[in-house]
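**Student:**
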Amino acid sequence: MTETVVRVTDLHKSFGSNHVLRGIDLEVARGDVVCIIGPSGSGKSTLLRCVNLLEVPTRGTVVVGDHEMTDPDVDIDAARRSTGMVFQQFNLFAHLSVLANLTIAQRRVLGRSRDEAEKVARHNLERVGLAGRENAMPRQLSGGQQQRVAIARALSMDPSVMLFDEPTSSLDPELVGDVLDVMRGLARDGMTMLVVTHEIQFAREVADRVLFIDGGVIVEGGVPAAVIGNPQQERTRTFLARVLHGTAEV
Amino acid sequence: MVFTALGFLLALALGLVLALMRLSSVGVYRVVAGAYVEFFRGLPALLVVIAIGFGIPLAFGTILDRTLSITLALGMVGSAYIAETIRAGIQAVPPGQVEAARSLGMSPARTMVFIVIPQAFRIVLPPLTNELILLTKDSSLAFLLGTTLDQQELAQFGRAALNEVRSLTPILVVGLCYLIITIPLSYLARRLERRFGSAGMPKGAEV
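Residue numbers (the working numbering), protein chains in the order written: chain A, 1 to 250; chain B, 1 to 207.
1. For R49/A, count neighbouring Cβ atoms within 10 angstroms of its own Cβ and tell me buried if that reaches 16, exposed if not.
2. What does T61/A pair with, by DSSP beta-bridge criteria?
3. According to DSSP, is G111/A part of a helix, a strand, or is it coil?
4. Taking F15/A as the query, report the chain B residues whose CB atoms sit under 7 Å from its CB, ordered along the chain.
5. Three-state secondary structure (DSSP) at A136/A?
6. Report yes if the C-beta distance between L130/A and A152/A is below 9 Å; otherwise report no.
7. Kindly identify the DSSP beta-bridge partner or partners of A29/A.
8. Could you name each continuous alpha helix (DSSP H) segment of 4 residues or more that falls completely within the stretch 74-158 of chain B, going from the start of the chain to the end?
9. Using a Cβ cut-off of 7 Å, pull out every chain A residue sitting near I115/B, in sequence order please.
10. What separation, rounded to the nearest whole angstrom, lies between the Cα atoms of M21/B and F87/A?
11. Is it buried or exposed, D214/A, if we count other Cβ atoms within 10 angstroms and call 16 or more buried?
12. Within 9 Å of any Cβ in chain B, is that where the Cβ of D77/A sits?
13. Indicate whether L26/A and T46/A have their beta-carbon atoms separated by less than 9 Å.
14. Check whether the stretch 231-246 of chain A and the stretch 206-213 of chain A are in contact - that is, three or more C-beta pairs closer than 8 Å.
15. Terminal residues of the continuous beta strand (DSSP E) containing D165/A?
16. Taking DSSP as the reference, what is the three-state secondary structure of D181/A?
17. What in chain A is Cβ-close to M230/B, meaning under 7 Å?
18. Starting from L54/A, follow the beta strand (DSSP E) in both directions and report where the run begins and ends.
19. List the residues of chain B that F212/A touches, going by C-beta distances under 7 Å, in chain order.
20. Is R184/A near the ligand HEM, going by C-beta to nearest heavy atom under 8 Å?
21. So what does R209/A bridge to, in DSSP terms?
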């Protein structure tokens with residue numbers, strides 16, 4: 001019996017009258033890589049943002065590790081430490097150097113000493129292939145480098161699960177590969193990952209499980225070979241045909 | 001200059017507090033700060049200086065030190081403007097910065113102190129320069145309260161000289177003196193902006 005890191009039960013989310021998530025159930029076991037695919041507006045980013053409560057679910061429960069995120073009495077700041085989030089727009093702290101981006105939360109939230117925080121930071125910069133860029137400012141880096149710094153920043157908090165919200169969608173095509181390589185490395189190291197992505201090839205190759213979401217529900221889920229290789233649902237087939245065809249044309 | 005410097009520091013501190021109150025989730029803070037800003041922004045600085053310089057001694061029977069009075073008056077008027085400037089600056093920080101900080105487990109207060117406010121100040125550096133220059137000129141209102149020699153400000157010298165020589169020259173000289181103070185201030189501010197202003201702001205850099 002493997003340990004469950006993320007458990008989402010009957011999750012609903014509405015923005016006003018817009019019912020974005022309509023009952024999602026999801027479990028992620030330790031060390032698993034789960035990729036969420038689906039058309040724009042299907043609710044996949046909202047689902048990810050509900051996991052660390054950047055969006056507050058309308059109904060349902062989210063449990064990460066020992067923390068029930070949806071418990072009204074939960075210390076949300078403490079609970080969020082078990083999740084690391086990587087955003088589509090990187091969101092590096094613009095006024096801080098790369099090193100400071102990686103150390104500020106370690107020091108202010110985890111209470112690590114400067115030396116310890118910098119040691120962890122340097123280790124994680126090396127992991128994402130950016131050793132030596134400690135003193136650069138975010139704006140001096142390419143998008144791909146910024147995103148890798150953002151991954152290192154999240155890793156530095158020792159999260160039990162990493163959440164990726166379309167991490168390559170705002171990158172120039174030639175920079176996507178570097179970021180995906182870093183994510184492959186994390187998966188090999190046994191990191192638990194929940195990834196919202198349009199990179200079907202990446203999902204096919206790295207994911208333990210793929211979920212296809214449309215209209216706020218999980219239409220189909222399972223191993224990549226089944227969901228991507230041999231989809232049972234018409235909606236999944238239509239989506240994949242459109243995405244894969246589009247990729248082939250570009 | 002002393003009035004201006006002290007008044008500006010007071011205005012900056014008070015302005016920051018007011019800006020945070022206006023953005024607070026606590027309704028009472030918002031209302032109080034909003035009322036303060038509307039009140040002091042709407043009054044001529046002249047009135048506030050008179051109210052503090054003469055009103056407080058009349059009401060409480062205590063005479064405030066002149067420097068203190070004018071500093072208070074300039075600080076209170078300045079803070080109303082600066083509060084709005086800082087509030088705009090805080091709101092101009094991209095929401096993604098806050099989300100990133102919160103996702104790392106930073107509390108709302110830590111996020112504000114370490115992430116939002118440092119960036120907000122870089123954004124509002126140009127308008128803050130404006131406030132400083134306006135305050136420098138408003139310090140001329142100290143003439144209402146100050147008559148001792150060592151505490152005179154420029155306009156006072158001009159007025160005294162005007163009485164003696166019956167010509168506009170002293171006023172022109174005073175105007176020139178203000179420019180001698182304010183133009184280097186603008187220059188200094190521009191250098192600060194170049195150094196910090198756009199430093200690190202993501203605009204256009206993330207492509």
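From the three backbone atoms N, C-alpha and C, an ideal C-beta is built for every residue, glycine too.
Please read these numbers as outputs of a predicted model, since none were measured by experiment.
**Tutor:** Checking against the coordinates, here is how it stands:
1. On the first sequence, position 49 is the one that residue 49/A refers to. Buried, because 16 or more other Cβ atoms sit within 10 Å of the Cβ of R49/A.
2. The residue you call residue 61/A lines up with position 61 of the first sequence. In DSSP, T61/A forms a bridge with T9/A.
3. Translated into positions along the first sequence, residue 111/A becomes position 111. Correct three-state label for G111/A: coil.
4. In the first sequence, the residue the question calls residue 15/A occupies position 15. The CB of F15/A never comes closer than 7 Å to any CB in chain B; the least such distance is about 15 Å.
5. Looking up residue 136/A in the first sequence gives position 136. Reduced to three states, the DSSP call for A136/A is coil.
6. Taking the first residue of the first sequence as position 1, residue 130/A is located at position 130. Taking the first residue of the first sequence as position 1, residue 152/A is located at position 152. Contact flag set, yes.
7. On the first sequence, residue 29/A is found 29 positions in, with the first residue counted as 1. T4/A.
8. Here the runs fully enclosed are 95-103, 117-123, 125-138.
9. Against the second sequence, residue 115/B aligns to sequence position 115. Within 7 Å Cβ-Cβ: F93.
10. In the second sequence, the residue the question calls residue 21/B occupies position 21. In the first sequence, the residue the question calls residue 87/A occupies position 87. The alpha-carbon atoms of M21/B and F87/A are separated by roughly 30 Å.
11. Here residue 214/A refers to the residue found at position 214 when the first sequence is read from its first residue. Classification for D214/A: buried.
12. Position 77 of the first sequence, counting from 1, holds the residue named residue 77/A. Judged by the 9 Å Cβ criterion, D77/A is in contact with chain B.
13. Within the first sequence, numbered from 1, the residue matching residue 26/A stands at position 26. Within the first sequence, numbered from 1, the residue matching residue 46/A stands at position 46. Against a cut-off of 9 Å, the Cβ pair of T46/A and L26/A comes out as no contact.
14. Taking one beta carbon from each stretch, the stretch 231-246 of chain A and the stretch 206-213 of chain A have 3 or more pairs nearer than 8 Å; the two touch.
15. Taking the first residue of the first sequence as 1, we reach residue 165/A at position 165. That run of the beta strand (DSSP E) goes 161-165.
16. Residue numbering aside, residue 181/A sits at position 181 when the first sequence is read from its first letter. Helix, per DSSP.
17. Since the first residue shown for chain B is 1 and the last is 207, residue 230/B is missing from the structure and cannot be characterised.
18. Translated into the one-based positions of the first sequence, residue 54/A becomes position 54. Counting along the chain, L54/A falls outside any beta strand (DSSP E), and DSSP gives it neither H nor E.
19. In the first sequence, the residue the question calls residue 212/A occupies position 212. The premise fails here: F212/A is roughly 26 Å from chain B at the closest Cβ pair, so nothing lies under 7 Å.
20. This structure does not include the ligand HEM; it has no bound ligands of any sort.
21. Mapped onto the first sequence, residue 209/A falls at position 209. According to DSSP, R209/A bridges with V34/A.
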